[in-house]
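Numbering-wise (the numbering used here), the sequence shown opens with residue 682 and increments by one. Glycine residues also receive a C-beta, built at the ideal position from the N, C-alpha and C atoms. Since the structure is predicted, the reported quantities are computational estimates derived from the model, not experimental observations. A quick write-up on the structure given underneath.
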Amino acid sequence: MRKYGVLFAKEVREALRTGKLIWLPAVFVLMGLIQPISAKFMPDIIAAAGNLPEGAVIQIPIPKPGEVLGQVLSQFGMIGMLAICLAYMGTISGEKRNGTAAWILVKPVAPLAYVASKWTALCLTVGFSFALGYGAAWYYTDLLIGSADPAMVAVSGFLYYAWLVFVGTMTIAASAWIRSPAGAAFSAFGLALVLQLARGLFENRLTWLPAELNSAAIRGLSAGESSSWTTAAFVTAIGVLALMTVAVKGANAARP
Numbered sequence: 682m683r684k685y686g687v688l689f690a691k692e693v694r695e696a697l698r699t700g701k702l703i704w705l706p707a708v709f710v711l712m713g714l715i716q717p718i719s720a721k722f723m724p725d726i727i728a729a730a731g732n733l734p735e736g737a738v739i740q741i742p743i744p745k746p747g748e749v750l751g752q753v754l755s756q757f758g759m760i761g762m763l764a765i766c767l768a769y770m771g772t773i774s775g776e777k778r779n780g781t782a783a784w785i786l787v788k789p790v791a792p793l794a795y796v797a798s799k800w801t802a803l804c805l806t807v808g809f810s811f812a813l814g815y816g817a818a819w820y821y822t823d824l825l826i827g828s829a830d831p832a833m834v835a836v837s838g839f840l841y842y843a844w845l846v847f848v849g850t851m852t853i854a855a856s857a858w859i860r861s862p863a864g865a866a867f868s869a870f871g872l873a874l875v876l877q878l879a880r881g882l883f884e885n886r887l888t889w890l891p892a893e894l895n896s897a898a899i900r901g902l903s904a905g906e907s908s909s910w911t912t913a914a915f916v917t918a919i920g921v922l923a924l925m926t927v928a929v930k931g932a933n934a935a936r937p
């Protein structure tokens with residue numbers, strides 16, 4: 682346990698040194714702010730930018746608060762996922778290339794502790810970033826548009842965070858086996874997109890996929906539907922354990 686704590690502290694220092702705890706939250710906050718502000722002021726923006734005839738009136742219905750937050754999560758689904766994959770693409774492969782992994786694992790350090798420390802740091806960093814971005818979106822939506830159902834906002838936020846953790850875990854597992862950090866990032870990002878695409882194409886059959894957490898979160902906010910996501914949550918938990926096992930085996934291969 683003490684070795685795990687030392688490794689976790691190393692990961693936190695690394696996140697500070699590389700700026701992950703700065704630029705990743707900034708990405709989520711920026712995306713979280715854009716949607717409610719643009720939803721509120723879009724008619725004014727179009728009127729100011731377009732050459733409209735005198736007296737023309739633009740009437741764009743302002744979306745409901747839940748719809749705005751659902752659109753925020755949709756934004757997180759592309760740019761946010763890519764940012765997470767890029768942030769953790771070299772978490773193991775980079776240390777393999779510069780010899781840090783071999784130097785750590787040659788000591789009496791279990792590969793599980795090595796991988797678990799990275800995964801815990803990822804969960805905290807992603808959670809901090811997502812909470813800031815989602816919280817900013819919720820605050821400005823409430824300020825500019827109206828109040829969303831707090832219970833639905835909280836449940837949808839939890840589901841979406843679980844999906845982001847799953848994507849991050851895929852990145853760690855890919856980084857343990859793929860030597861190129863870019864290859865690890867785009868392998869994880871591509872697989873996440875495939876899961877989302879499969880869930881969208883076969884929405885009545887593949888509700889057990891981890892991507893259902895993403896869909897359920899957005900659907901709950903946008904349409905107020907509280908669909909069953911327990912099976913998808915169970916499969917996601919099993920998937921995280923399986924990916925961690927894959928990552929541990931990949932890290933173990935770095936032992937001299």
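What does a CB cutoff of less than 6 Å around A854 pick up in its chain, not counting 5 residues either side in sequence? Indexing the sequence shown from 1 puts residue 854 at position 173. Counting only Cβ-Cβ distances below 6 Å, and skipping sequence neighbours, we find L924, V927 and A928.
For T888, the three-state DSSP class (helix, strand or coil): Along the sequence shown, read from residue 1 onward, the residue named residue 888 stands at position 207. Reduced to three states, the DSSP call for T888 is coil.
So, for A863: in the same chain, excluding its five sequence neighbours on each side, which residues have a beta-carbon less than 7 Å away from its beta-carbon? Position 182 of the sequence shown, counted from the first residue, corresponds to residue 863. Same-chain partners within the cutoff: M770.
If you count every other CB in all the chains shown that lies within 10 Å of the CB of V787, and 16 or more means buried, which is it? Counting from 1 along the sequence shown, the entry for residue 787 is found at position 106. Exposed, because fewer than 16 other Cβ atoms sit within 10 Å of the Cβ of V787.
What does the Cβ neighbour count give for A869, buried or exposed, with the cut at 16 atoms within 10 Å? For the purposes of this step, residue 869 is identified with residue 188 of the sequence shown, where counting begins at 1. A869 should be labelled buried.
With DSSP as the reference, label Y795 as helix, strand or coil. By one-based count along the sequence shown, residue 795 stands at place 114. Helix.
Secondary structure of R694, DSSP reduced to three states: In the sequence shown, the residue the question calls residue 694 occupies position 13. Note: R694 maps to helix in three-state DSSP.
If you measure between the beta carbons of L714 and A829, is that distance less than 8 Å? Within the sequence shown, the letter at position 33 stands for residue 714. Within the sequence shown, the letter at position 148 stands for residue 829. In this structure, A829 does not lie closer than 8 Å to L714 by Cβ.
Check whether L894 and G747 have beta carbons under 8 Å apart: In the sequence shown, residue 894 corresponds to position 213, counting from 1. In the sequence shown, residue 747 corresponds to position 66, counting from 1. Result no, Cβ atoms of L894 and G747 do not sit closer than 8 Å.
Just to confirm the assignment, what range does the alpha helix (DSSP H) spanning P862 have? Residue numbering aside, residue 862 sits at position 181 when the sequence shown is read from its first letter. Membership of P862 in the alpha helix (DSSP H) is indicated by the continuous run P862 to L882.
Quick check: the Cα distance between Y939 and L754, rounded to an integer number of angstroms? Outside the shown range of the chain, which is 682 to 937, sits residue 939, and nothing can be said about it.
Taking 8 Å as the limit between beta carbons, can you name the residues of its chain near F809, skipping five residues before and five after? Position 128 of the sequence shown, counted from the start, is the residue given in the question as residue 809. Listed in chain order, the non-local C-beta contacts of F809 below 8 Å within the same chain comprise L702 and P706, local neighbours out to five positions each way being set aside.
What are the boundary residues of the alpha helix (DSSP H) that P746 is part of? One-based indexing of the sequence shown puts residue 746 at position 65. P746 to Q756 is the span of the alpha helix (DSSP H), which, as asked, contains P746.
Under the three-state DSSP convention, the category I773 falls into: Here residue 773 refers to the residue found at position 92 when the sequence shown is read from its first residue. Residue state, collapsed to three classes: coil.
Measuring alpha carbon to alpha carbon, tell me which residue in I743, L805, F883 and G780 is nearest I765. Counting from 1 along the sequence shown, the entry for residue 765 is found at position 84. Selected option, being the one with the closest Cα: L805.
For W819, does the three-state DSSP call read helix, strand or coil? One-based indexing of the sequence shown puts residue 819 at position 138. DSSP places W819 in helix when its eight states are reduced to three.
L697, buried or exposed, once every other Cβ within 10 Å from all chains shown has been counted against 16: Mapped onto the sequence shown, residue 697 falls at position 16. Burial call: exposed.
Any idea if P831 is buried or exposed, counting beta-carbon neighbours within 10 angstroms, 16 or more meaning buried? By 1-based counting over the sequence shown, the position of residue 831 is 150. P831 is exposed by the Cβ-count criterion.
I899 - DSSP class collapsed to helix/strand/coil: As a first step, residue 899 is located in the sequence shown; it is residue number 218 there, counting from the start. Correct three-state label for I899: helix.
Taking all protein chains shown into account, decide if T699 is buried (16 or more other Cβ within 10 angstroms of its Cβ) or exposed. Here residue 699 is taken as the residue at index 18 of the sequence shown, counted from 1. Under this definition T699 is an exposed residue.
For W910, name the three-state secondary structure that DSSP assigns. Residue numbering aside, residue 910 sits at position 229 when the sequence shown is read from its first letter. The answer is coil: DSSP assigns W910 none of H, G, I, E or B.
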